[in-house]
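Trainee:
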Amino acid sequence: METGNLEIAIGVFSSRDRAQEAVKQLKQQGIPEAAIVFLTRSEDEARAAAKSLARTVGNLAQGAADASVAIADFLLPGIGTVFALGFGGVTFLRMAGIRAALALGLEVGEEGKLREPVAGEKCEEAALLREVLKRGRSLVVVRTESRESVTSACAILDRSGLTLQEQIPVKFQTTTRQVGETVVIGISGRITVGEGNVALRETVRNLVDSGKKHIILNLEQVSYVDSSGLGELVRIHTTIRSREGELKLVNLSKQVDELLQITKLLSVFDIHKDEASAINSFGGQSSKQAIA
19 METGNLEIAI GVFSSRDRAQ EAVKQLKQQG IPEAAIVFLT RSEDEARAAA
69 KSLARTVGNL AQGAADASVA IADFLLPGIG TVFALGFGGV TFLRMAGIRA
119 ALALGLEVGE EGKLREPVAG EKCEEAALLR EVLKRGRSLV VVRTESRESV
169 TSACAILDRS GLTLQEQIPV KFQTTTRQVG ETVVIGISGR ITVGEGNVAL
219 RETVRNLVDS GKKHIILNLE QVSYVDSSGL GELVRIHTTI RSREGELKLV
269 NLSKQVDELL QITKLLSVFD IHKDEASAIN SFGGQSSKQA IA
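In the numbering used here, the protein residues as written are 19 to 310.
What follows is the structure, given as structure tokens:
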């Protein structure tokens with residue numbers, strides 16, 4: 019099994035049936051239970067999904083006695099009650115809540131009490147996921163260090179979730195240039211698992227490690243973003259914010275614009291129509307002259 023950086027794939031669903039089908043397929047594909055978090059704001063949806071998935075898990079376990087699906091519920095500030103599904107019977111109920119809480123960036127204190135995290139990547143990432151929940155979508159999040167597992171998970175989430183059909187593949191490439199205090203990253207091709215997501219992550223990480231705080235992603239030539247790529251955009255946003263920086267997205271391609279609209283993430287990112295307006299929105303630019 020390949021290990022390394024934690025990989026994140028995010029499936030966004032408007033239909034409970036599709037979300038539970040995705041979880042069923044993840045289980046059948048051998049994705050570890052601890053890597054899967056299913057979140058919804060609807061108790062009815064949670065109970066219906068748990069009942070259906072319990073039958074599935076029972077079948078997979080060939081009638082094993084402990085094949086139930088637990089529902090953990092907890093309050094999130096600004097949202098209300100969120101329900102998390104977990105496998106493994108009553109003893110898993112608390113773990114389901116803990117895993118879901120960690121996925122949303124909450125800290126788990128003594129006696130299982132939840133509290134807001136200190137500022138950082140977890141907190142920023144949680145804010146993005148919460149926005150999706152606020153807008154009535156359900157989430158299936160897969161977190162794993164296994165490249166093989168995340169690749170399998172992406173294939174399932176992309177088929178079942180609110181993603182787009184892939185166009186003709188174009189090789190991932192980036193260009194980087196500086197405009198005053200701002201770094202503009204031009205991206206072309208696909209932001210997908212094992213291809214664009216890792217390369218883009220490393221590009222951004224190198225920039226923030228060198229002290230860059232104003233970063234623009236020009237997505238005009240991006241032809242496709244899978245569930246791992248969506249997770250990577252969330253990760254990049256949180257990484258930059260945790261370093262007290264700012265991220266702007268500009269020139270969204272039709273494919274990216276549609277993806278952010280249907281997943282309800284369009285209002286989460288700071289989006290501008292072109293590079294000039296994005297640069298001006300930072301303020302304090304010492305120069306508007308592009309450096310090749």
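Every residue gets a Cβ at the ideal spot worked out from N, C-alpha and C, and that includes glycine.
A quick note: this is a predicted structure, and the numbers were derived from the prediction, not measured.
Can you give me the C-alpha to C-alpha distance between Ser260 and Ile49, rounded to a whole angstrom?
Mentor: Cα to Cα, Ser260 sits roughly 30 Å from Ile49.
Trainee: Taking the C-alpha atoms as reference points, what is the distance between Lys11 and Gly179?
Mentor: The structure shown has nothing for residue 11, since the chain only spans 19 to 310.
Trainee: Considering only residues of the same chain and omitting the five flanking positions on each side of Arg34, which have a CB-CB separation below 6 Å?
Mentor: Correct list, in chain order: Glu63 and Ala67.
Trainee: Measure the alpha-carbon distance for Leu218 versus Ile258 and round it to whole angstroms.
Mentor: Using only the alpha carbons, I get a separation of about 13 Å.
Trainee: What is the rounded straight-line gap between the Cα of Ala296 and the Cα of Thr200?
Mentor: Their Cα atoms are separated by approximately 10 Å.
Trainee: CB-CB under 6 Å to Gly138, same chain, minus the five flanking residues each way: which ones, in chain order?
Mentor: At Gly138 the pLDDT is 47, less than 50, meaning the model places this residue with poor confidence; the figure from the coordinates comes in the next sentence. Cβ within range, chain order: Ser260.
Trainee: Whose CA, out of Glu61, Lys230, Leu71 and Val160, lies closest to the CA of Gly198?
Mentor: The shortest C-alpha separation from Gly198 is found at Lys230.
Trainee: Taking 8 Å as the limit between beta carbons, can you name the residues of its chain near Asn269, skipping five residues before and five after?
Mentor: Closer than 8 Å at the Cβ level, and outside the excluded window around Asn269, lie Asn236, Leu237, Glu238, Lys291, Asp292 and Glu293.
Trainee: Roughly how many angstroms separate the alpha carbons of Ile203 and Arg253, rounded to a whole number?
Mentor: Their backbone Cα atoms lie some 16 Å apart in a straight line.
Trainee: Tell me which same chain residues have a C-beta within less than 6 Å of the C-beta of Thr210, skipping the five on either side of it?
Mentor: The residues are Asp244 and Gly247.
Trainee: Under three-state DSSP, which class holds Gly311?
Mentor: An answer regarding residue 311 cannot be provided, because it is not within the stretch 19 to 310 covered by the chain.
Trainee: Take Ala52 as the anchor and find which of Thr221, Arg36, Arg73 and Val159 has the nearest alpha-carbon.
Mentor: The shortest C-alpha separation from Ala52 is found at Val159.
Trainee: Can you say whether Leu24 is buried or exposed, counting buried as having 16 or more other CB atoms within 10 angstroms of its CB?
Mentor: It counts as exposed.
Trainee: Quick one: Cα of Phe190 to Cα of Val30, how far?
Mentor: In a straight line, the C-alpha of Phe190 is about 24 Å away from that of Val30.
Trainee: Suppose the cutoff is 6 Å on Cβ atoms and the five residues either side in sequence are ignored; what does the same chain contact list for Ser156 look like?
Mentor: Contacts found: Phe31, Ala37 and Thr58.
Trainee: Can you tell me the Cα-Cα spacing of Ala102 and Arg195, whole angstroms?
Mentor: Looking at the two C-alpha atoms, the distance is approximately 43 Å.
Trainee: What's the call for Asn215, buried or exposed, on a 16-neighbour Cβ count within 10 Å?
Mentor: Buried: at least 16 other Cβ atoms inside 10 Å.
Trainee: Less than 8 Å between the CB atoms is what I'm expecting for Leu265 and Ile233, so what's the real figure, rounded?
Mentor: Going by Cβ atoms, the distance from Leu265 to Ile233 rounds to 5 Å, so yes, they are a contact pair.
Trainee: Figure out for me which residue from Leu277, Ser167, Glu250 and Val240 has the closest Cα to the Cα of Arg223.
Mentor: Of Leu277, Ser167, Glu250 and Val240, the residue nearest in Cα terms is Glu250.
Trainee: Return the first residue and the last residue of the alpha helix (DSSP H) that Ser60 is part of.
Mentor: Segment: none, Ser60 is in no alpha helix (DSSP H) and carries neither H nor E.
Trainee: Where does the unbroken alpha helix (DSSP H) through Leu11 begin, and where does it stop?
Mentor: One cannot answer for residue 11 here, as it falls past the ends of the chain, which runs 19 to 310.
Trainee: Would you mind stating whether Arg73 and Ile89 have Cβ atoms separated by less than 9 Å?
Mentor: No, the pair does not count as a contact, with Cβ atoms beyond the cut-off.
Trainee: Reducing DSSP to helix, strand and coil, say where Lys266 ends up.
Mentor: If DSSP states are grouped into helix, strand and coil, Lys266 belongs with the strands.
Trainee: Taking all protein chains shown into account, decide if Ser170 is buried (16 or more other Cβ within 10 angstroms of its Cβ) or exposed.
Mentor: The residue is buried, with at least 16 neighbouring Cβ atoms inside 10 Å.
Trainee: Would you report the Cα separation of Thr99 and Asp91, rounded to the nearest angstrom?
Mentor: In a straight line, the C-alpha of Thr99 is about 6 Å away from that of Asp91.
Trainee: Take Glu166 as the anchor and find which of Leu44, Thr221 and Ile289 has the nearest alpha-carbon.
Mentor: Minimum Cα distance to Glu166 is reached at Leu44.
Trainee: Helix or strand or just coil, what does DSSP make of Asp292?
Mentor: Coil, per DSSP.
Trainee: Tell me whether Asp176 is buried or exposed, calling it buried when 16 or more other Cβ atoms sit within 10 Å of its Cβ.
Mentor: Asp176 is buried by the Cβ-count criterion.
Trainee: Go to Glu170, then tell me how far its alpha helix (DSSP H) extends in each direction, as first and last residue.
Mentor: Before going further, note that residue 170 is Ser rather than Glu in the sequence given. Taken as a continuous stretch (DSSP letters only), the alpha helix (DSSP H) holding Ser170 covers Arg165 to Ser178.
Trainee: Considering only DSSP beta bridges, list what Gln14 is partnered with.
Mentor: Only positions 19 to 310 of the chain appear in the structure, and residue 14 is not among them; the question remains open.
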